[in-house]
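These notes concern the structure reproduced below.
In the numbering used here, the protein residues as written are 11 to 203.
Printed below as a string of structure tokens:
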């Protein structure tokens with residue numbers, strides 16, 4: 011239990027030290043996460059939820075997530091030639107995602123974006139390469155990212171609270187497991203791997 015208390019103090023001190031600058035930095039990282047997928051989106055959303063509260067933290071994270079995905083979408087929509095597109099379609103994983111996204115209805119695109127374990131970077135690339143209408147993609151992002159941002163904010167804040175009460179950690183793992191199973195079911199139903 012002492013380890014949890016020490017870790018909780020370190021996290022709270024870091025957030026107090028950085029203040030609004032930490033959240034601003036988190037917003038910038040959210041933008042870049044859509045282009046550089048190795049950055050942990052869930053951590054930046056959690057920082058915004060902890061710093062600004064559930065409502066403002068949600069809105070800020072949602073806006074920057076949608077903006078980052080649109081940036082990534084436009085980079086690939088404008089920057090990919092026909093030759094590069096054909097090479098990308100030949101790649102095993104990317105080719106399947108491109109074909110799946112091309113055939114997707116608006117409803118299915120929203121569901122795909124809403125699933126927390128969907129690789130957003132790959133969907134952004136596929137949507138840009140497929141030349142999906144920018145308004146359609148923006149609306150799909152705006153709807154789909156609502157549940158994704160709320161999910162990661164809730165999980166992140168709950169994990170921080172679990173440092174004080176480890177029973178919360180069990181609930182978080184159960185929720186993550188359930189969402190993961192649901193995402194696998196939707197991935198099979200939408201034929202996206």
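Glycine included, each C-beta is placed from N, C-alpha and C at the ideal position. Source: prediction; values computed, not measured.
How is the alpha helix (DSSP H) around residue i delimited, first residue to last?
i	result
residue 79	64-89
residue 131	130-139
Helix, strand or coil: which one does DSSP assign to residue i?
i	result
residue 127	coil
residue 195	helix
residue 14	Confidence is the limiting factor: at residue 14 the pLDDT is only 47, short of 50, which leaves the residue's position unreliable, though a coordinate-based value still follows. It is helical.
residue 155	helix
residue 150	helix
residue 3	Since the first residue shown for the chain is 11 and the last is 203, residue 3 is missing from the structure and cannot be characterised.
Please report the straight-line C-alpha distance between residue i and residue j, rounded to a whole angstrom.
i	j	result
residue 164	residue 93	43 Å
residue 129	residue 181	24 Å
residue 57	residue 139	32 Å
residue 14	residue 46	Because the pLDDT of residue 14 is 47, which lies under 50, any placement of that residue in the model is unreliable, and the number read from its coordinates should be weighed accordingly. Their Cα atoms are separated by approximately 31 Å.
residue 43	residue 177	31 Å
residue 203	residue 50	Low local confidence applies: a pLDDT of 49 at residue 203 is under 50, so the model's placement there is unreliable, and no value is given.
residue 71	residue 100	35 Å
residue 65	residue 160	10 Å
residue 198	residue 142	22 Å
residue 11	residue 184	Residue placement at residue 11 is poorly supported in this model, since its pLDDT is 45, which falls under 50; the coordinates are not used for a value here.
residue 35	residue 188	31 Å
residue 119	residue 61	31 Å
residue 108	residue 167	34 Å
residue 133	residue 151	11 Å
residue 192	residue 154	15 Å
residue 112	residue 80	17 Å
Are residue i and residue j close, meaning C-beta to C-beta below 8 Å?
i	j	result
residue 149	residue 137	no
residue 127	residue 190	yes
residue 123	residue 75	no
residue 59	residue 67	yes
residue 86	residue 125	no
I want to check one thing, is the minimum distance from the CB of residue i to the heavy atoms of the ligand NAP below 7 Å?
i	result
residue 97	The ligand content of the structure shown is nil, which means the ligand NAP is not present either.
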